[in-house]
Each structure stands twice: as C-alpha cells, then as structure tokens.
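In the numbering used here, the protein residues as written are 30 to 145.
A virtual CB, placed ideally from N, CA and C, is assigned to each residue, including glycine.
All figures in this text were calculated on a predicted structure; none of them were measured in a lab.
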Amino acid sequence: TIECAGQCTALRHAVVPESVTAEDIEKLFDGTKGADSATDALKGGQFDCIFENHAGSATPDASDGIYTKHGSKDVHYKVSTNMPDDGINEYWRKAVVDVTAKAPSPNLQGSSDASR
C-alpha cells in the first residue's frame, strides 16, 4: 500500500510488466486499509493505510479521462505504455500512481528454463 499522509510520497510511479491492466491495478488496491485520521490508524494498529479524503494536494480530476479513481478507495491511477512526462506532479499526501506497463512480461513457455 501507499503511505500518503506523511511528509513524502512513498510510490508515485511504477514500471510493471506489459501484461498488467487497469483491472489488475484496481485489484491491487482493493485490500488497502483506510482510516479517517492518524489517531484512528494508531488506535487500530494500522501503519499501512490511506487517510480517506486527507488534506494535501488536490486529487486529479477523474472526469478528464487521464486518471481513474479506484472504486472504493481514495486512490487514483493511470496505466500507460509511456513513461510519465518530466516534472510529474507529486500530488503531495495523496495516493496517485502512474503505472507504465512496459517491462517485458515473463514467459516461461517455450523457454529452456521451463522444464527445470
């Protein structure tokens, strides 16, 4: 998960195998815990959650078609085959991830290592 309520952005860009889809990214965040505040997170023993609707940068506008908002979490993501532009917006204290699906997908079928 992403810690987005501290003083840094723990994950802003990820390069993943080319076979990864937006549905995969959505599922990745399905189990992410949320909390209303740092106090609630500490009381619940959660150190790896996202503060729902936390103050900080404005979140991307999902209506522009660039970022997708997760169905139930305060997470926005974009899946592309391109690397992000220079000067990527950090979206301070927000869970926003640019995903570049460009790394070759592992394919063991037909490989000489598949039989080992």
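**Study point:** Ranges of the beta strand (DSSP E) found wholly within the segment 83-128, counting only runs of at least 3
**Key:** Secondary structure within the segment 83-128: the beta strand (DSSP E) runs of 3 or more consecutive residues, fully enclosed, are 104-109 (chain order).
Check your understanding: Using the C-alpha atoms, what's the distance from Asp-69 back to Ile-95?
Key -> So the alpha carbons of these two residues sit roughly 32 angstroms apart.
Point to revise | Closest by C-alpha distance to Ser-101, when choosing among Arg-41, Asp-115, Asp-127, Gly-63 | key: Nearest option by C-alpha distance: Gly-63.
Check your understanding: Can you tell me the Cα-Cα spacing of Ser-144 and Arg-41, whole angstroms?
Key -> Only weak support is given to the placement of Ser-144: the predicted model assigns it a pLDDT of 39, under 50, and the value that follows is read from those uncertain coordinates. Rounded to whole angstroms, Ser-144 to Arg-41 spans 38 angstroms at the Cα level.
**Study point:** Secondary structure, beta strand (DSSP E): runs of 3+ residues fully inside the segment 38-65
**Key:** Entirely contained in the segment 38-65, the beta strand (DSSP E) runs reaching 3 residues are, in chain order, 42-46, 62-64.
Review point. How many angstroms separate the CA atom of Glu-55 from the CA atom of Gly-116?
Key: Whole-angstrom Cα-Cα distance: 25 angstroms.
Review point. Hey, how far is the Cα of Lys-131 from the Cα of Glu-47?
Key: Going from the Cα of Lys-131 to the Cα of Glu-47 covers about 5 angstroms.
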